[in-house]
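One line per chain: the protein sequences are A, B and C, in this order. Take 369 as the starting number for the first sequence in this note's numbering and just add one per residue. Take 935 as the starting number for the second sequence in this note's numbering and just add one per residue. Take 4 as the starting number for the third sequence in this note's numbering and just add one per residue. For each residue, glycine too, the CB sits at the ideal point set by N, CA and C. Note that the coordinates shown come from a computational prediction; the quantities given were computed from them, not determined experimentally.
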Amino acid sequence: MSRFFYLTLGYGLIWVSIGVYLVLMQRRIDRVRGELAELRARLGRN
Amino acid sequence: MRASTISRGLDLLALPLIAIGMALAFLYVPGERTMGDVQRIFYFHVPFAMSSFVGFAIVLVASLGYLKTRRDAWDVVAEAAAEVGFLCCTIVLLTGPVWARSAWGVWWTWDARLTTTLILWMVYAAYLVLRAYGAEDAKLKRYAAVLGIVGALNVPIVYFSVKWFRTQHPSSTFFTREGLPVPAMAFTLRFCLIAVLILFVTLLLKRIQVGRLEAERDQLRYELDARE
Amino acid sequence: MNAYLRGVFGVLRKDLRLEWRSREAMTAMAFFSLLVVVLFGFSFQTEKIDVRTTAPGLLWVAFSFSGVLGLNRSFSLERENGALRALMLAPLDRSAIFVGKMLSNLVMIGLVEALTVPLFSVLLRVPVLSCLPQLTLVTCLGTLGFAAVGTLLAGISSGSRMREVLLPLILYPIWIPILVASVEATGTVLSGKPLSEAGDWLTLIGVFDLVFLGVGFLFFEAVLEE
């Protein structure tokens, strides 16, 4: 296990963590936007 | 400059800055004699640790703000800061062991920074567990705010207790920052610190936006229920 | 001021009297504390426990575990019988409820500690009589902090969906630095060294106590609101 390997692993973990969080947030935003649109439509109808 | 412009600008800036920082740490900085290449993780390990402290500071202010004004905007900020702070803690706890394993053959060392970060990680986790499973709406925000204040005020106490514990029971010094002699090192560290802080703010703002949208959705749901 | 103190002692007396009638919690706490000591004793082959290192930690772990039991108890009764609402309706300052409950928890945990220490001393052959006053001081300071944060957080956990299960999760991470400090100070004291050598640790515990007594005093009200 070269030191280069561990360095890449370290950097990789940083990118993966940030990436995972961004993906999770994007999914959350998309879901909320969808729900908001639907709610607004239903309120509009009422 | 309008807020959304700033936010958009940060979005575009944050990740490339991190990439540049990594390039700097990888290529620009000279190798370090004893630990070789893996020491380069340090340029991110430390900034993320500092960011987790910033997270707590924001949680403290936002929690106090919520208890004082009972306006949901504060609550949204507190939750966002806790999540992003937790992410930063996690990154510190991931990069630390990788560094330790490579440089000293052990996955974990009870050194001051890693131990402090572990405790703070658990405090963040407790806060997030409370938020996730704690209580129903109005109560939850109050409870979370109180816990946020307790956790954040405890940070200096954690810091000192770990520091003093380490001085009384020293293990071989691990993550020392032998004064960065080479100017290239100091510059890179400062650059990476700024890059990570910008990333922190970017993620925070995004997360706040999510929180605001969800609060709006909850409000609409409530109105809908009231009508039906 | 008089009315305030009367309120505090009213709550304190009520809690203690309630406990005295059944003695449920105290018995459970004391027994649990003893069990922890015995369990650890078995696990670590008590031929020779290094007074300086393992014993103080064991003592404080026993206190921490049984303490949570007591903290949970001090609120679960209130919640179950709607007594909490009655308490809130009384013309009492909410912070007085905090102080009263904190004191009752302090007394209960203190009693359990007073029972545990001699048993601990005998079972693990750790001499305690020579440093009893210092040990008492250290224990009181540490337990005060535990009771202060613990009462506030127990208020939160008892009102949460997860009930009692939540308390250890939120309390222990906060408690860790003072657990460390108390263990270090106790170790110093048990090895016969003077209190001044544990001065830093005691100061840290003292600061913790003040800060979280203050936080509890100010924010318990926010926890109680219905």
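Query	Result
Leaving out five residues before and five after Ser941 of chain B in sequence, what residues of the same chain have Cβ atoms less than 7 Å from its Cβ?	Leu1139
Under the assumption that Ser161 of chain C contacts Ser79 of chain C (Cβ atoms under 8 Å), give the Cβ distance between them as a whole number of angstroms.	6 Å
Among the residues of its own chain, which have a CB less than 6 Å from the CB of Val115 of chain C, if the five just before and after it don't count?	Met32, Ala33, Ser36, Ser69
In chain order, what residues of the same chain have a beta carbon less than 7 Å from the beta carbon of Trp1042 of chain B, not counting five sequence neighbours either side?	Pro1031, Ala1034
Considering just the uninterrupted stretch of the alpha helix (DSSP H) at Leu1133 of chain B, what are its terminal residues?	1117-1161
Please report the residue range of the alpha helix (DSSP H) in which Ser67 of chain C lies.	57-83
Anything in the segment 1073-1085 of chain B with a Cβ closer than 8 Å to a Cβ of chain C? List those residues in chain order, please.	Lys1073, Arg1076, Tyr1077, Ala1079, Val1080, Leu1081, Ile1083, Val1084, Gly1085
Helix, strand or coil: how does DSSP classify Asp1045 of chain B here?	coil
So that I know if they touch, is there some Cβ in chain B lying closer than 7 Å to that of Val400 of chain A?	yes
Restricting to runs no shorter than 4 residues, where is the alpha helix (DSSP H) found entirely within the segment 124-202 of chain C?	135-161, 169-193
For the alpha helix (DSSP H) that contains Ser32 of chain C, what are its first and last residues?	According to the sequence provided, residue 32 of chain C is Met. The question's Ser does not apply to it. Where Met32 of chain C is concerned, the enclosing alpha helix (DSSP H) stretches over 27-46.
At what residues does the alpha helix (DSSP H) containing Glu1017 of chain B begin and finish?	1006-1038
Can you pull out the residues from the segment 1015-1037 of chain B whose beta carbon lies closer than 7 Å to at least one beta carbon of chain A?	Leu1021, Thr1024, Ile1025, Leu1028, Thr1029, Val1032, Trp1033, Arg1035, Ser1036
Candidates C:Ala201, C:Ala65, C:Thr57: which alpha carbon is nearest Ile112 of chain C's?	C:Ala65
Could you run through the segment 1131-1153 of chain B and flag, in chain order, every residue whose CB is less than 9 Å away from some CB of chain A?	Leu1133, Leu1137, Lys1140, Arg1141, Gln1143, Val1144, Leu1147, Glu1148, Glu1150, Arg1151
At a CB distance below 8 Å, what residues from the segment 176-190 of chain C approach chain B? Give them in sequence order.	Pro176, Ile177, Ile179, Pro180, Ile181, Val183, Ala184, Glu187
Measure the CB-CB distance between Val226 of chain C and Ile173 of chain C and report whether it falls below 7 Å.	no
Mind checking which residues open and close the alpha helix (DSSP H) that includes Ala86 of chain C?	86-92
Does the contact criterion of 3 or more C-beta pairs under 8 Å hold for the segment 1061-1071 of chain B versus the segment 973-983 of chain B?	no
What in chain C is Cβ-close to Gly989 of chain B, meaning under 7 Å?	Neighbours of Gly989 of chain B on chain C: none; closest Cβ ~15 Å, over 7 Å.
Please go through the same chain and pick out, in chain order, the residues whose beta-carbon is closer than 6 Å to the beta-carbon of Val1089 of chain B, but skip the five residues on each side of it.	Phe990
Going by the beta-carbon positions, is the gap between Met105 of chain C and Thr154 of chain C smaller than 7 Å?	yes
Excluding the five sequence neighbours on either side, which residues of its own chain have a C-beta within less than 6 Å of the C-beta of Gly1 of chain C, listed in chain order?	Nothing about residue 1 of chain C can be reported from this structure: the residues present for chain C run from 4 to 229 only.
Pick out whichever of C:Gly145, C:Met165, C:Gly10, C:Lys196 has its Cα sitting closest to the Cα of Trp63 of chain C.	C:Gly145
Compare the C-beta of Val972 of chain B against all C-beta atoms of chain A and say whether one is closer than 7 Å.	yes
Show which residues of chain B have a CB atom less than 8 Å away from the CB atom of Met165 of chain C.	Tyr1067, Gly1068
Residues of chain B with a CB under 7 Å from the CB of Arg410 of chain A: which are they?	Leu1158
Between Ile159 of chain C and chain B, is there a C-beta pair that is closer than 7 Å?	yes
Inspect the beta-carbon positions of Val1130 of chain B and Ser986 of chain B and report whether they are closer than 7 Å.	no
Where Asp1152 of chain B and Val1026 of chain B are concerned, what is the direct C-alpha to C-alpha distance, given to the nearest angstrom?	34 Å
Expressed to the nearest angstrom, what Euclidean distance is found between the alpha-carbon atoms of Gly10 of chain C and Lys1073 of chain B?	26 Å
How about Glu406 of chain A: is its C-beta nearer than 7 Å to some C-beta of chain B?	no
How big is the Cα-Cα spacing for Leu1054 of chain B and Leu1062 of chain B?	12 Å
Less than 7 Å separating the beta-carbons of Thr1050 of chain B and Val1092 of chain B?	yes
Could you check which residue in B:Leu944, B:Tyr1077, B:Ser938 has the C-alpha nearest to that of Leu1137 of chain B?	B:Leu944
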